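**Q** Per the UniProt record's numbering, numbering of the sequence shown is gapless, rising by one per residue and ending at 84.
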Amino acid sequence: MQIEKLEFDAIRYNPELEAFEAAVRIHDSGHIFRYPVHLKAPLNAEYALIARGLTQKASLRHTQKAHDLRSALPEPAQGAAAAA
């Protein structure tokens with residue numbers, strides 16, 4: 001298992017939880033795994049801190065194979081993206 005690429009969906013602040021939330025997509029071995037994660041932090045926290053925390057949580061879930069907390073999709077073929 002090797003993480004080839006990692007992407008964020010929109011990062012949002014949830015005032016009820018006092019946390020930032022995002023879905024993090026991890027590309028691994030031709031598949032995309034999507035993990036919903038959150039990070040408790042103040043609204044004025046630096047972006048680098050938020051991104052690093054969300055990345056670490058998603059990576060940890062991926063390495064622990066948290067199957068109940070992820071969705072998986074096949075990665076699109078490279079030729080299909082060019083044809084679209």
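Glycine is no exception: its CB is placed at the ideal position from the N, C-alpha and C atoms.
Small disclaimer: the values here were computed from a predicted structure and weren't measured.
What's the C-alpha gap between A83 and P36?
**A** Note on A83: pLDDT 48, under 50, position unreliable in the model; the coordinate value appears next. For A83 and P36, the distance between alpha carbons rounds to 31 Å.
**Q** Have a look at K57, P42, A22 and I3 and flag the residue whose alpha-carbon is nearest the alpha-carbon of D9.
**A** That would be A22, whose Cα lies nearest to the Cα of D9.
**Q** Between which two residues does the beta strand (DSSP E) containing A23 stretch?
**A** Unbroken beta strand (DSSP E) run through A23: A19 to D28.
**Q** Contact defined as beta carbons within less than 8 Å: I believe L6 pairs with T63. What is the distance between those atoms, to the nearest angstrom?
**A** That pair is no contact at about 13 Å.
**Q** The alpha helix (DSSP H) spanning K57 covers which residue range?
**A** Element bounds for K57: Y47 to T63.
**Q** What does E7 pair with, by DSSP beta-bridge criteria?
**A** E7 is bridged to R25.
**Q** Is it buried or exposed for L60, if we count other Cβ within 10 angstroms and need 16 for buried?
**A** It is exposed - the Cβ of L60 has fewer than 16 other Cβ atoms within 10 Å.
**Q** I'd like to know whether the C-beta atoms of I50 and L39 end up nearer to each other than 8 Å.
**A** Taking 8 Å as the Cβ cut-off, I50 and L39 qualify as a contacting pair.
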